[in-house]
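Residue numbering for the sequence shown follows the working numbering, beginning at 11 and increasing consecutively.
This report refers to the structure that appears directly beneath it.
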Amino acid sequence: MQRNALLKMTHIITDSQNSQKDIISLLGVKKEQVSVIYLGVDPDFKKVNDRNLLQATVNKYHLPAKFILNVGDVNYNKNIPGLINAFLSVSGQIPDLHLVLVGRGFTNTSPQLDEIITLINYHRLEEKIIRLSDLNKEELISLYNLAKVYVQPSFDEGFGLPVLEAMACRTPVLSADSGSLPEIVGRAALLVDPNNYQEMAKNIFYLLGNDDLRQKLITSGSLKANEFTWEKTASRTIRLYASLLGINNYMSL
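Below, the structure is given as structure tokens:
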């Protein structure tokens, strides 16, 4: 049904060049019928200097001092089992390290979550992996700020907004080199093969212990996140609509 509806469209807007390629391939439409307009980062996602605010989130969710973070869902493309296997390897070398998983899917009942919980229990990681959902925006921003590393292990992403939110909060990012992620993060993240959890573990461990690399990624990540604003998204969307409608001077409307 969705495919038939899309085929009736005269123009399609998508949020990455990778998604544009997928749409062209799957629907057989022309490239000029599909425009790419990137999403933006909420300006509230930034470095938090208020230690009391951060501590309030720590206290509410009983957060450990050292953790890596993932924000998203339990769907197959998110590759959470791969992240758990990588974390298992790293936690063997850093005993006080924890993994925090954030998203509604991590607490709702589903076959995907059952698989994840089974894996956690099998490796006896119940005390080291924290699953959270229904955080407000202020708490989520605090989590990004508190994390030692943000990890996006996805097999595929249409855009991947959490990597930019983490960068905006000045947290170093390790990302899969798949889907739209390399396009979005550029050189501002450490890229790994999502199919190789051992490589993922090796790079998480390396990033946790390399202060020079961490600072480099924090700086470049902050600059990268600043490139994505909702003002740009809105402006480009309006310009595209005006162009499609044949309006030369949309500012006069």
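Backbone N, C-alpha and C fix where the C-beta goes; we use that ideal spot for every residue, glycine too.
Legend entry - For V44: DSSP bridge partner residues: I22
Inset, instruction - Given a cut-off of 8 Å, decide if H108 and I151 are closer than it, judged by their beta-carbon atoms. - result: no
Legend entry - Segment contact flag, the segment 165-184 with the segment 75-82, C-beta cutoff 8 Å, min 3 pairs: yes
Inset, instruction - Could you tell me whether the Cβ atoms of H72 and L98 are closer together than 8 Å? - result: no
Inset, instruction - Go through its chain and collect everything with a Cβ distance to F169's Cβ below 8 Å, but skip five positions before and after it. - result: D25, S26, S29, Y48, L49, S190, I194
Legend entry - Residue burial classification, D60 (beta-carbon count within 10 angstroms, cutoff 16): exposed
Legend entry - When K212, I214, L250 are compared against E42, the one with the closest alpha-carbon: L250
Inset, instruction - Can you check DSSP and say which residues form a bridge with L217? - result: Answer is none; L217 lacks a bridge partner.
Inset, instruction - Could you tell me the distance, in whole angstroms, from the CA atom of P91 to the CA atom of L129? - result: 7 Å
Legend entry - Where F116 sits in the DSSP three-state scheme: helix
Legend entry - Run of the beta strand (DSSP E) containing Y160, from where it starts to where it stops: 159-162
Inset, instruction - Apply the 10 Å Cβ neighbour rule to Q162 and answer buried if 16 or more other Cβ atoms are within range, or exposed otherwise. - result: buried
Legend entry - Inter-residue Cα distance where the pair is V100 and A157: 15 Å
Inset, instruction - Classify F169 as helix, strand or coil using the three-state DSSP reduction. - result: coil
Legend entry - Burial state of K88, where buried means 16 or more other Cβ atoms lie within 10 Å: buried
Legend entry - E175 to A252 span [Cα, whole Å]: 30 Å
Legend entry - Cα-Cα separation between A75 and K226, rounded to whole angstroms: 22 Å
Legend entry - Rounded straight-line distance, which links the Cα of L93 to that of P204: 9 Å
Inset, instruction - Take G231 as the anchor and find which of R197, A211, W240 has the nearest alpha-carbon. - result: R197
Inset, instruction - Using DSSP bridges, identify the partner residues of F77. - result: H108
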